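**Student:** First, the structure itself, so that you have it in front of you.
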Amino acid sequence: MKKTVIVITCALLATVTMQGQDLKKEWTRTFDESKVPAYTLPDPLLCENGQRVTTAEQWEKQRRPELLRIVTTYMYGKAPILQHPLQWQVDSLDTRFQFEKGKKQPQYTRKIVTVYLTDRQADGPLFHAEVITPNESGSPVPLFMMFGGNKLAKGFGATEKILKRGYGVAVLNTTEGVPDGVDAFTRGAIPAYYADGQTYRRPDEWGCLAAWAWEASRLLDYLQADPLVDANKVAILGHSRMGKAALWTAVADERFAMAFPVNSGCGGGALSRRMIGETVWAMNDRFPYWTCDNYQQFNMREQYMPFDQHSVIALMAPRPVYLATGQDDSWADPLGEFLAGKAAEPVYALYGRNGIGCDSQPAVDKAMNEGYIAYHIRTGGHAILDYDWEQFLIYADRFLK
């Protein structure tokens, strides 16, 4: 019987291999709702032993650690556990920084910070971050941390708007410490934590999304020592691939007060089982370094995943999370992001906290941002627009001030 099963399995795999290119072309470029397969989502409140979670205490002590382990092992990958704090240093300090020079222009405190990712400061991986805080606050301020790639705060059009609202801004040069490519496994933070004699990444070890999230946690370590920042009120925000990383950042590190995964799609805020827009296969085929190798087994097999992205959103509970998307961003599956947020609501309900606040996808440009899970779909495509920033600041005001 065992031999028969093996033969059948191999035959099926061979068929998939022969048809792979045709299936790949169809399954990774589908935007037609009529082609979404029937699916059943795993219940985030159902433990592996069959026991059902009914209280917040049970969620925190039993199910959340279990679900976090599952998602880590099969998708994002395990990050190293620090044995001691890492070092950082302030490279420059300007207490009278202005975006435009002039007596009537507001002044800010601007720092450039180097964060070391190992204890080998002389030759180890590191990244730089820019931290700007308003001078008029007179007390530690809540802060937006943003993934910037190689772009720092002055490159974000909304930076001044955020600062004038009374928030600080911190932008980390994410790819400086963890490259966005296969070379992430040969240079930067990931190979720096290989075990003695290890030459390649193990199947359950971190990919770039988890490594970028880990970098953000190291910047938060610094912010906890910055007297101008209220480190208990730090929101993490990212767009596209960095939106995927932003969601995982706040899941993996509960010190973050809230998360804004923007246009994050597959591997972020959208359900994988819908197999529309960007799929698991599409993401793994082009960017296999984003997740752990274990995630590859779910290419075209999303129905076998022991979780879906609603489970990842649920791991944010009870902290606020804002899922934002664009009407024309079909690749990110805007409806799938809404449905993922809705499916996470039962976990928030354990804490007596409401979710999106509607049962069907809201109209375009109608933000549903009064609950602990927020959502909007706005006019436009794959970008962060003025409308997004306006809603994000309203949301942050509600929970961080």
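Offset between the sequence shown (1-based) and the working numbering: plus 607. Even for Gly, the Cβ is constructed at its ideal location relative to N, Cα and C. Please read all numbers here as calculations on a predicted model, not as lab measurements.
1) Taking the alpha-carbon of Val776 as reference, which of Gly804, Gln968, Met753 has the nearest alpha-carbon?
2) Considering only C-alpha positions, which residue in the set Gln934, Ser937, Asp936, Ser967 is nearest to Ala950?
3) Alpha carbons only, please: which of Leu779, Asp892, Arg908, Gly784 is nearest the one belonging to Ala731?
4) Please name the residue or residues paired with Trp695 in a DSSP beta bridge.
5) If you run the structure through DSSP and keep just helix, strand and coil, what is Val789?
6) Pull up the distance between the alpha-carbon of Ala990 and that of Pro913, whole angstroms please.
7) CB-CB under 6 Å to Lys851, same chain, minus the five flanking residues each way: which ones, in chain order?
8) Contact between the region 654–663 and the region 897–909: three or more CB pairs below 8 Å?
9) Does Gln712 pass the burial test, meaning 16 or more other C-beta atoms within 10 Å, or should it be called exposed?
10) Rounded to the nearest angstrom, what separates Val887 and Pro941 at their Cα positions?
11) Please identify the residue among Arg825, Gln910, Ile843 whose C-alpha is closest to the C-alpha of Ile688.
12) Taking Cβ to Cβ, would you say Gly773 is nearer than 8 Å to Pro741?
13) What does DSSP give as the partner residue(s) for Phe596 in the beta ladder?
14) Note down the Cα distance separating Glu977 from Arg809, rounded to an integer number of angstroms.
15) Report the residue from Arg670, Ala877, Ser699, Ser937 whose alpha carbon sits nearest the alpha carbon of Glu944.
16) What did DSSP end up calling Ala1003 once you bin it into helix, strand or coil?
17) Please report how far the alpha carbon of Arg985 lies from the alpha carbon of Thr932, in whole angstroms.
18) So, are the CB atoms of Arg880 and Asp915 less than 8 Å apart?
19) Return helix, strand or coil for Met1015, following the three-state DSSP convention.
20) Report the CB separation of Ala799 from Leu724 in whole angstroms; it is logged as a contact under 8 Å.
21) If you scan the region 837–889 from start to end, which runs of the beta strand (DSSP E) of 3 or more residues do you find wholly inside it?
22) Taking its Cβ as the centre, do 16 or more other Cβ atoms sit within 10 Å of Phe638, making it buried, or is it exposed?
23) Mark Lys1008 as exposed unless 16 or more other C-beta atoms lie within 10 angstroms of its C-beta, in which case mark it buried.
24) Where does Gln998 land, buried or exposed, given buried means 16+ other C-beta within 10 angstroms?
25) If you draw a straight line from the alpha carbon of Glu667 to that of Val858, how long is it in whole angstroms?
26) CA-CA distance, Gly987 and Gly657?
27) For Ile980 and Thr647, what's the separation of their Cα atoms in angstroms?
28) Going along the chain, which residues of its own chain have a beta-carbon closer than 6 Å to the beta-carbon of Thr635, five neighbours each way excluded?
29) For Arg772, list the residues DSSP reports as bridge partners.
30) Just the Cα atoms here: how many angstroms apart are Thr702 and Gln714?
31) Met849 to Pro868, Cα distance in whole Å?
32) Who are the Cβ neighbours of Lys632 in its own chain at under 7 Å, not counting the five residues just before and after it?
33) Please classify Ala832: does DSSP put it in a helix, a strand, or coil?
34) Kindly indicate the opening and closing residues of the beta strand (DSSP E) around Ile980.
35) Helix, strand or coil for Tyr929, going by three-state DSSP, please let me know.
36) Applying the criterion that 16 or more other CB atoms from any shown protein chain within 10 Å of the CB defines a buried residue, is Ala1003 buried or exposed?
**Tutor:** Quick look at the numbers:
1) Met753
2) Ser967
3) The amino acid at residue 731 is misidentified as Ala; the sequence shows Gly. Among Leu779, Asp892, Arg908, Gly784, the Cα nearest to that of Gly731 belongs to Gly784.
4) Val722
5) Val789 falls in the helix class under three-state DSSP.
6) About 31 Å.
7) Leu816, Ser871, Gly874, Gly875
8) no
9) exposed
10) 16 Å
11) Closest by C-alpha distance to Ile688, out of Arg825, Gln910, Ile843, is Arg825.
12) Taking 8 Å as the Cβ cut-off, Gly773 and Pro741 qualify as a contacting pair.
13) As displayed, the chain neither begins before 608 nor continues past 1008, which places residue 596 out of reach and without an answer.
14) 42 Å
15) Minimum Cα distance to Glu944 is reached at Ala877.
16) helix
17) 7 Å
18) By the CB criterion at 8 Å, Arg880 and Asp915 fall inside the cutoff.
19) The structure shown has nothing for residue 1015, since the chain only spans 608 to 1008.
20) 7 Å
21) 865–869
22) exposed
23) In the assembly as shown, Lys1008 is an exposed residue. Its beta-carbon has fewer than 16 other beta-carbons within 10 Å.
24) buried
25) 13 Å
26) Near 43 Å, if we compare the C-alpha coordinates of Gly657 and Gly987.
27) 21 Å
28) With a pLDDT of 47 at Thr635, under the threshold of 50, the modelled position of that residue is not reliable, and the figure given next carries that caveat. Within the same chain, Thr635 has close Cβ partners Thr886, Trp888, Ala889.
29) Its beta-bridge partners do not exist; DSSP assigns none.
30) 8 Å
31) 8 Å
32) At Lys632, the pLDDT of 49 sits below 50, so the modelled position is not reliable and the matter cannot be decided from this model.
33) Ala832 falls in the coil class under three-state DSSP.
34) First-last of the beta strand (DSSP E) with Ile980: 980–985.
35) Per DSSP, reduced to three states, the secondary structure at Tyr929 is strand.
36) buried
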